Amino acid sequence: MADGAFTPPVRVDMLVCGKMVPGTARMEVINPATTEVIGTAPRCNRDELEAVMAEARAAFPAWRDTPIEERRKAVAQIADLIEAAAEEIAATLTAEQGKNLTFARAELASLTRFLRAQAGIEMPVVVNEDSEERISKTYRVPLGVVAAISPWNFPVLLAWWKIVPALLAGNTVVLKPAPQTPLAALKIAALVADLFPAGVLQVISGGDELGPWLTAHPEVDKISFTGSTATGRKVMEGAGASLKRLTLELGGNDPALVFDDVDPVKAANKVFWAAFANAGQICIASKRVYVQRSIYEAFRDALVAAAAQVKVGNGAEPDTLVGPIQNKAQFERVKDLIADSRAHGYTFAFEGEAPQGPGFFMPLTILDNPPDDARIVREEQFGPVLPLLVFDTEDEVIARANDTEYGLAATIWTEDMTRAERVSRRLEAGTVWINEAIYLSPDAAFGGRKQSGLGAEHGADALLAVTEPQTVTMKRN
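Under my numbering, the first residue of the sequence shown is numbered 429, with each subsequent residue one higher.
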């Protein structure tokens, strides 16, 4: 396939019990840049879900007992298959999600890097006692059936972050991609279908009703969900009846703290992409930027200058850097936040241009020092709208940064490493970056505090999240 080629309409099927099946009903998928239908995917019904869950349960014992090196070998091959089809998958991602093609390719490159690293994670065994009297070891054992529910902002990357540790640990997995963005996930499912025994990995698509059916299903032992905090609460409620294990990666209102010892122009150019990449539709994007007073104006002006150079448009066009909002509901929500800021008379430092027409295009927008109780400061915008805020002292900005129900990530921009270390330990966030942003490692735990989530992904924590401890103690003769 040529670079960036995508020819609608695309018809994809579900991976069920080792086979790609069309399902009894279909649902349409639209391109957020054009609002045109670009393909169809199965709309899994209740009976089909029951069959999927029965297969997942039936496949679990044999997969659990498969030597881990064989499971590791199967998982490692996934990266090769995705890499070989990367151009086709990237074009599909751009068409259904809206992100520019370069960013779609970057998502796949990040995915293959993570896949290869995660395939090598070692299963820990702890020796508690090794004496003349007894030997005691704690093993990690798989949970059973893991339901993975992925969001629409990174339809491929975030799905496989969930799948790989679960499979490696010996669980069977049922993946449900977001109904807005199922195409790339199902294309990859077709690529990897032959790597696993039937029922070990299944990928199903459906409407908004499928998520609650899946999270409440009695055959599900663990739910790994990425999405909004509001939906995360509902997932937790559905899981409560049977005490399902949970990993929840939820919303964030991530602060960036810019101290006055940095070059304001250089810092602004870095913060720009920390805030506006993927049209701001990143859970760990910088969503509130606090700038020390002495460099505030220089930083603001540099950020505005950077925004003025960026084209908002269809991600398939080569000069587009920021694509549309992925769906109409989120588009309307971001519009409402801008309207609220305008109604309250807040100062707009920048309002960019966006294509006119049917697509969900939102102009880059920068607010100039709105009050801390403004909705645009208190709420997660998940779009290309950014409030800049002035601060004076270290203690002040830490208190303001922590004054939120969220605690996903934060960034610090300073030349003073002593201060950076001191401030980082006081920020209520699961991940803190110093002089960079949105860097995640397959070896480092990633999770949120407060209402930004529960549990962690990546590294050894990823295996711990999809297993439980089993202690075996043997009395010696």
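In this text, a Cβ means the ideal position worked out from N, Cα and C, and glycines have one as well.
Bear in mind that the values here come from a model prediction, so they are computed numbers and not experimental data.
Output the distance between the C-alpha atoms of residue i and residue j, rounded to the nearest integer angstrom.
i, j, result
"residue 429", "residue 535", "Model confidence at residue 429 stands at a pLDDT of 39, short of 50, so the residue's coordinates are unreliable and nothing is read from them."
"residue 480", "residue 596", "20 angstroms"
"residue 491", "residue 883", "25 angstroms"
"residue 738", "residue 705", "11 angstroms"
"residue 555", "residue 745", "57 angstroms"
"residue 499", "residue 569", "14 angstroms"
"residue 517", "residue 612", "6 angstroms"
"residue 906", "residue 765", "Past the edges of the chain, shown from 429 to 905, lies residue 906, and the structure says nothing about it."
"residue 900", "residue 564", "6 angstroms"
"residue 979", "residue 682", "No answer is possible for residue 979: the residues shown for the chain start at 429 and end at 905."
"residue 677", "residue 876", "7 angstroms"
"residue 848", "residue 630", "44 angstroms"
"residue 757", "residue 469", "20 angstroms"
"residue 661", "residue 643", "12 angstroms"
"residue 521", "residue 446", "24 angstroms"
"residue 733", "residue 694", "12 angstroms"
"residue 903", "residue 572", "29 angstroms"
"residue 532", "residue 665", "34 angstroms"
"residue 426", "residue 560", "Within the shown structure, residues of the chain are numbered from 429 to 905, placing residue 426 beyond reach of any answer."
"residue 562", "residue 553", "17 angstroms"
"residue 672", "residue 649", "5 angstroms"
"residue 748", "residue 482", "45 angstroms"
"residue 505", "residue 808", "37 angstroms"
"residue 782", "residue 742", "10 angstroms"
"residue 853", "residue 846", "11 angstroms"
"residue 891", "residue 551", "7 angstroms"
"residue 870", "residue 889", "10 angstroms"
"residue 450", "residue 599", "25 angstroms"
"residue 645", "residue 494", "26 angstroms"
Is it the case that the Cβ atoms of residue i and residue j are separated by a distance below 8 angstroms?
i, j, result
"residue 925", "residue 800", "Residue 925 is absent from the model: the chain starts at 429 and stops at 905."
"residue 735", "residue 792", "yes"
"residue 731", "residue 621", "no"
"residue 587", "residue 605", "yes"
"residue 740", "residue 816", "no"
"residue 466", "residue 473", "no"
"residue 484", "residue 647", "yes"
"residue 528", "residue 751", "yes"
"residue 592", "residue 503", "yes"
"residue 874", "residue 895", "no"
"residue 774", "residue 798", "yes"
"residue 878", "residue 822", "no"
"residue 471", "residue 448", "no"
"residue 679", "residue 657", "yes"
"residue 686", "residue 818", "no"
"residue 608", "residue 755", "yes"
"residue 487", "residue 626", "yes"
"residue 371", "residue 580", "Nothing can be reported for residue 371, as the shown portion of the chain is limited to 429 through 905."
"residue 651", "residue 669", "no"
"residue 540", "residue 576", "no"
"residue 684", "residue 699", "yes"
"residue 610", "residue 457", "yes"
"residue 434", "residue 519", "yes"
"residue 810", "residue 898", "no"
Would you list the one or two residues that DSSP bridges to residue i?
i, result
"residue 874", "885"
"residue 449", "442"
"residue 796", "816"
"residue 840", "685, 862"
"residue 470", "454"
"residue 666", "Per DSSP, none; premise fails for residue 666."
"residue 673", "650"
"residue 835", "877"
"residue 903", "562"
"residue 897", "568"
"residue 600", "573"
"residue 465", "458"
Determine, using beta carbons only, whether residue i comes closer than 8 angstroms to chain C.
i, result
"residue 611", "Reference to chain C is not applicable here, since this structure consists of a single protein chain."
Give a single yes or no on whether residue i has its beta carbon closer than 7 angstroms to a heavy atom of the ligand FAD.
i, result
"residue 871", "Among the ligands in the structure shown, none appear at all, so the ligand FAD cannot be discussed."
For the region 715-788, which segments carrying the alpha helix (DSSP H) assignment without a break, of at least 4 residues, lie completely within its bounds, in sequence order?
-> As far as the region 715-788 is concerned, its whole alpha helix (DSSP H) runs of at least 4 residues are 721-736, 756-771.
Decide yes or no for the touch test of the region 766-782 against the region 689-700: beta carbon pairs closer than 8 angstroms, at least 3 of them.
-> They do not touch, by the three-pair rule.
Taking three-plus beta-carbon pairs below 8 angstroms as touching, is the region 863-877 in contact with the region 836-854?
-> With the cut-off at 8 angstroms, the region 863-877 and the region 836-854 touch.
Every unbroken alpha helix (DSSP H) inside the region 619-658 [4 residues or more] = Qualifying alpha helix (DSSP H) stretches, in chain order: 638-644.
Pairing CB atoms from the region 717-733 with CB atoms from the region 511-530, are three or more of them under 8 angstroms?
-> Judged by Cβ distances under 8 angstroms, the region 717-733 makes no contact with the region 511-530, as fewer than three pairs qualify.
Entirely enclosed beta strand (DSSP E) segments - the region 523-576, minimum 3 residues | List check, beta strand (DSSP E) in window: 554-558, 562-570.
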